[in-house]
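Chemist:
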Ligand code: HEC
Ligand code: HEC
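Residue numbers (the numbering used here): 559 to 885.
Right, here's the structure in full:
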């Protein structure tokens, strides 16, 4: 075999592997139950096992004299720097926050926020480098996270299992929703996914009132989660396969043979507006049109977006899409 053939073969195998993997992750999410998630006991003991094991918390944190990592704050009572263990510390931080904002905020909210959105509050003296523990490679599921929260609260706090597990408050329930969505999207990281979206999608799509700078070329995606992961994945990988109503591609040829491709964004009086993929609007007088046809195979959304993204970007943007649940 020649060198080139070897290279091509290797490349094809890699691509095939990626597709199998994406396909696997999608079927797993849409079809199968996640049996493994039932394994962990939502209790301080279950959380302790995760903390010193699968959760890899011990690689950055210690608990009092247990462990030696110092990249993140100590979770126990330790020296002058850490006068309170984590459960009590969370209660104190939560109280400060509630007083400052005038809104209810509990110790459980504080810990769950630390895990679900680590950048929201960065402990003084530390960098914003807390791991996103529900994204790869750690990929804790929701029950494992609840268990870890119970462990943290058991360190000097008021352990209320109902507030952690079965009857979470509104804020915590919101964070749990985010974690569950991330896990359901194959463990993508929605925080990173938002950046991928801003770089690759925001020119054409509005999400939660933002974006669409190019002039709303694509549909508003603020409530796209309800269409399901499979639909969203296909929309990104093969946009032309199923074109959203009202966003069909038109090909207009004028009498001088000039061709414009885009959405028919206005059709009134004697004129037609065509909005091109880059947002440019071309107005053509009807008297000048030679023919205007709809192309039902080609979307204005590029079909090579997945090539510009890494597999991780793709997973991340999918999980960001799964969070867009509208109002
Ligand atoms: C890659 C290192 C790293 C890993 C892994 C990590 N953390 Fe952290 N964590 C940090 C850093 C750094 C901070 C401080 C900055 C911040 O607040 O985001 C922090 C902050 C925290 C806080 C807030 C602490 C306080 O004093 O208010 C909690 C709670 C927490 N982590 C829990 C966990 C748990 C539970 C795990 C495992 C499931 C974990 N962390 C895994 C680095 C890490
Ligand atoms: C050049 C403009 C453009 C870009 C860039 C673009 N899209 Fe689109 N998108 C469209 C258009 C036009 C449609 C409607 C036609 C269709 O269904 O293909 C669409 C449709 C969609 C749909 C289906 C919406 C529905 O409810 O039917 C989803 C989901 C979507 N895009 C996601 C994305 C994501 C994620 C990205 C970035 C990775 C992206 N798009 C980038 C133009 C764009």
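From the three backbone atoms N, C-alpha and C, an ideal C-beta is built for every residue, glycine too.
Since residue 715 contacts residue 648 with CB under 8 Å, what's their CB separation in whole angstroms?
Modeler: At roughly 6 Å, the Cβ-Cβ gap stays under 8 Å, so residue 715 and residue 648 are in contact.
Chemist: Could you tell me the distance, in whole angstroms, from the CA atom of residue 837 to the CA atom of residue 821?
Modeler: If I take the Cα positions, the gap works out to 10 Å.
Chemist: Using CA atoms only, rank isn't needed, just tell me which of 712, 651, 616 and 608 is closest to residue 679.
Modeler: The option with the nearest alpha carbon to residue 679 is 651.
Chemist: Reducing DSSP to helix, strand and coil, say where residue 635 ends up.
Modeler: In this structure, residue 635 counts as coil in the three-state DSSP scheme.
Chemist: Are there 16 or more other CB atoms within 10 angstroms of the CB of residue 845, so buried, or fewer, so exposed?
Modeler: Classification for residue 845: exposed.
Chemist: For the beta strand (DSSP E) that residue 808 lies in, which residues bound it at each end?
Modeler: Run containing residue 808: 807 to 812, per the beta strand (DSSP E) assignment.
Chemist: In this structure, does DSSP put residue 586 in helix, strand or coil?
Modeler: In this prediction, residue 586 has a pLDDT of 42, which is less than 50 and means its spatial position is unreliable; nothing more can be read from the coordinates.
Chemist: How about residue 791 and residue 746: do their beta carbons lie closer than 8 Å?
Modeler: Going by C-beta atoms, residue 791 is not nearer than 8 Å to residue 746.
Chemist: Of all the options 677, 656 and 635, which has the alpha carbon lying nearest to the alpha carbon of residue 691?
Modeler: Nearest C-alpha to residue 691: 677.
Chemist: Please report the residue range of the alpha helix (DSSP H) in which residue 613 lies.
Modeler: Neither: residue 613 is in no alpha helix (DSSP H) and is coded neither H nor E.
Chemist: Confirm the yes/no value for this check: CB of residue 776, any heavy atom of ligand 2, distance under 7 Å.
Modeler: Under cutoff, so the answer is yes.
Chemist: Less than 7 Å separating the Cβ of residue 912 from some heavy atom of ligand 2?
Modeler: The chain is shown from 559 up to 885; residue 912 falls before or after that span and cannot be answered.
Chemist: Tell me the rounded alpha-carbon separation between residue 736 and residue 674.
Modeler: Between residue 736 and residue 674, the C-alpha separation is close to 8 Å.
Chemist: Between residue 751 and residue 734, what straight-line distance do the alpha-carbon atoms span, to the nearest angstrom?
Modeler: Looking at the two C-alpha atoms, the distance is approximately 18 Å.
Chemist: Please give the ranges of any alpha helix (DSSP H) in the segment 670 to 716, keeping only runs that are unbroken, at least 4 residues long and fully inside the region.
Modeler: Whole alpha helix (DSSP H) segments, 4+ residues: 700 to 712.
Chemist: Per DSSP, residue 768 is paired with what?
Modeler: Per DSSP, 765.
Chemist: Can you name, in chain order, every residue of its own chain whose Cβ lies under 6 Å from the Cβ of residue 789, other than the five neighbours on each side?
Modeler: None.
Chemist: Excluding the 5 residues preceding and the 5 following residue 798 in the sequence, name in chain order all residues of the same chain whose CB lies nearer than 7 Å to its CB.
Modeler: Once the five neighbours on either side are set aside, the close Cβ partners of residue 798 are 855, 856, 857 and 861.
Chemist: When the Cα atoms are used, what is the spatial distance from residue 603 to residue 867?
Modeler: Distance between the alpha carbons of residue 603 and residue 867 is about 40 Å.
Chemist: Does the beta-carbon of residue 606 have 16 or more other beta-carbons within 10 angstroms, so that it is buried, or is it exposed?
Modeler: So residue 606 ends up on the buried side.
Chemist: Which residue from 629, 863, 642 and 667 puts its Cα closest to that of residue 795?
Modeler: Closest option to residue 795, Cα to Cα, is 863.
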